[in-house]
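According to mature numbering (1 follows the signal peptide of the UniProt record, and there is no 0), the residues represented by the sequence shown are -21 to -1, 1 to 373, in order. Glycine included, each C-beta is placed from N, C-alpha and C at the ideal position. This report refers to the structure that appears directly beneath it.
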Amino acid sequence: MTRKILLLLLFFVFLFGCVQDTDQKTEKDVKARSLQIEEKQAQGPIFDTLYPVEREINMAAIGDVLIHKRVYQDAATETGYDFTNMLAPVASDLKNPTITMANQETVIGGTAIGLSDYPRFNSPKQLANDLQSAGVDLVTMANNHTLDHGEEAIREAIAHYDEIGMKYTGGFKSEADRNDIRIIQTESDISVAFLSYTYGTNGISVPNGKEYLVNLMDRQLIKQDVKKAEQKADVTIVSYHFGNQYQRYPSQEQQNVAQFSADLGVDVVIGHHPHVLQPIEWVKGKNGQKTLVAYSLGNFLSGQDQLYRRIGGILNFTVKKKTEANGQTVSIQSPSFLPTFVDYNYEDGAMGNFQVLPLQDVNEAQLENAQQHYEETKQHLSQWLPELQFIEEK
């Protein structure tokens, strides 16, 4: 009996020791795990090294917002201007992406300095509000019309952008403003830098000492800006105002600039100025990475009346960011496109009722052989990018 009691005592001592040891290990593991989590949270999500993390955002870009007199007259109301109806058919396509950018071809200097048409444009300030309401988050200002009304119009435009909280790039109010690389930090922990440059300003000289008013296509300047952008953001998008007007294919100079940009490590190149759509493609950089290049997105909203100048569109793509223990990678994926058409009609011999419509929804009364033009537009855009998808509106 004594021996049995002794064996039972030894068994309970052994069992208690095992349980205690297990409890101690568990407590130790919990503390270690808690410290890991606290350290990770303190460092922020971009330093997540415990598990692979994938994040993504959707982005969109549209072409030239080129406001001729007939367009702003059509937008006139008793109290000012209203462009919302012109943008309404595609507003959801502008709002849905995480970030949408546009090329503001005509400076929004406002009525105080006088609205004007080609060859020296000046547009209503309300245009910026209505673009913003439709979903545009950032405008590029560097183009051949930036200096149409000099420094005053640029400052008026920038003051209004600041007032409504619209991001802008390519034209600036000071050297310090120019050196402040425009970056949008998204809730998905993906940051995007935006740069913008133009080939020229229609022969209008940039004021001495005020080169910041408009970014010209100086390769050394571009190189410096891209380097700064890459240090501050996950993705760098560069907009160029370049190429030959009304030419449906990029010039050799456009291709050279695209290759130069890819070699610098730029992620996306967005082109403007030809006022017609040009094919989209991937350009391989010297280090092997791919740059998405849209040589020209054509006109998004304008008063031009020739067929190809009325067809533009919305370029979409996905930015994916993967964070792992050994670092992070960012890639541009899934390019897609929604072709658009500027519709209008004639009233009393004048153009009116301007609207930007999805091209696939345009009927024969609005455009003869509409479906044929839609299919031809898709073929034209995707001939160098066969995987380009086209957004089908429902």
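Beta bridge counterpart(s) of residue i as assigned by DSSP
i: proline 337; result: Thr319
i: aspartate 43; result: Asn82 and Asn278
i: leucine 195; result: Thr177
i: asparagine 324; result: Gly331
i: asparagine 101; result: Ser95
i: valine 118; result: Ala81 and Tyr147
i: methionine 38; result: Ile78 and Phe296
i: leucine 271; result: Val247 and Trp261
i: threonine 90; result: Answer is none; threonine 90 lacks a bridge partner.
i: serine 170; result: Gln164
i: glutamate 33; result: Lys301
i: serine 310; result: Lys299
i: glutamine 203; result: Answer by DSSP bridge pairing: none, since glutamine 203 is not bridged.
i: glutamine 368; result: Ser315
Cα-Cα separation between residue i and residue j, rounded to whole angstroms
i: glutamine 334; j: alanine 304; result: 50 angstroms
i: valine 214; j: glycine 282; result: 34 angstroms
i: tryptophan 363; j: serine 315; result: 13 angstroms
i: glycine 292; j: valine 247; result: 17 angstroms
i: aspartate 156; j: leucine 286; result: 39 angstroms
i: asparagine 332; j: valine 50; result: 9 angstroms
i: glutamate 35; j: alanine 329; result: 46 angstroms
i: glycine 88; j: tryptophan 261; result: 37 angstroms
i: residue 375; j: threonine 297; result: Residue 375 is absent from the structure shown; the chain starts at -21 and stops at 373.
i: glutamine 203; j: leucine 317; result: 33 angstroms
i: asparagine 101; j: valine 217; result: 25 angstroms
i: isoleucine 160; j: lysine 269; result: 23 angstroms
i: glutamine 52; j: glycine 306; result: 54 angstroms
i: tyrosine 228; j: leucine 256; result: 8 angstroms
i: valine 32; j: glutamate 209; result: 21 angstroms
i: isoleucine 370; j: aspartate 168; result: 26 angstroms
i: valine 118; j: glutamate 347; result: 33 angstroms
i: leucine 174; j: asparagine 295; result: 18 angstroms
i: isoleucine 183; j: glycine 222; result: 19 angstroms
i: glutamate 343; j: threonine 319; result: 15 angstroms
i: glutamate 354; j: alanine 91; result: 44 angstroms
i: methionine 65; j: asparagine 75; result: 18 angstroms
i: glycine 59; j: alanine 67; result: 18 angstroms
Environment of residue i [buried if 16+ CB atoms lie within 10 Å]
i: isoleucine 143; result: exposed
i: histidine 359; result: buried
i: threonine 177; result: buried
i: alanine 54; result: buried
i: lysine 265; result: exposed
i: residue 391; result: Since the displayed the chain opens at -21 and closes at 373, residue 391 lies outside it and no answer follows.
i: aspartate 116; result: buried
i: glutamate 135; result: buried
i: aspartate 72; result: buried
i: asparagine 123; result: buried
i: proline 186; result: exposed
i: arginine 288; result: buried
i: threonine 85; result: buried
i: glutamine 350; result: exposed
i: alanine 241; result: buried
i: threonine 56; result: exposed
C-beta contact flag for residue i and residue j at 7 angstroms
i: threonine 308; j: threonine 165; result: no
i: alanine 212; j: alanine 172; result: yes
i: aspartate 96; j: histidine 47; result: yes
i: leucine 271; j: isoleucine 311; result: yes
i: arginine 99; j: aspartate 61; result: no
i: glycine 42; j: phenylalanine 279; result: yes
i: glycine 149; j: asparagine 194; result: yes
i: methionine 38; j: glutamine 83; result: no
i: isoleucine 163; j: lysine 152; result: no
i: valine 44; j: alanine 70; result: no
i: aspartate 327; j: glutamine 345; result: no
i: serine 220; j: histidine 254; result: Rather than serine, the amino acid found at residue 220 in this sequence is histidine. Not in contact: histidine 220 and histidine 254 (Cβ atoms no closer than 7 angstroms).
i: glutamine 233; j: tyrosine 191; result: no
Where the beta strand (DSSP E) through residue i begins and ends
i: histidine 139; result: Element bounds for histidine 139: not the beta strand (DSSP E) but the alpha helix (DSSP H), 129 to 143.
i: tyrosine 219; result: 214 to 220
i: isoleucine 163; result: 161 to 164
Opening and closing residue of the alpha helix (DSSP H) in which residue i lies
i: leucine 256; result: Element bounds for leucine 256: n/a, residue is neither H nor E.
i: alanine 113; result: 105 to 113
i: asparagine 235; result: 231 to 243
i: arginine 227; result: Arginine 227 -> no alpha helix (DSSP H), and no H or E assigned at all.
i: valine 358; result: The residue you asked about is not valine; residue 358 is glutamine in the sequence shown. It spans 349 to 361 - the alpha helix (DSSP H) in which glutamine 358 sits, taken as one unbroken run.
i: glutamine 52; result: 48 to 53
i: residue 378; result: Missing from the structure shown is residue 378; the chain here goes from -21 to 373 and no further.
i: leucine 286; result: 286 to 289
i: threonine 56; result: Threonine 56 -> no alpha helix (DSSP H), and no H or E assigned at all.
i: asparagine 64; result: 63 to 66
is_contact[residue i, chain C] using C-beta, thresh 7 angstroms
i: asparagine 82; result: Here chain C cannot be found, since the structure has a single protein chain.
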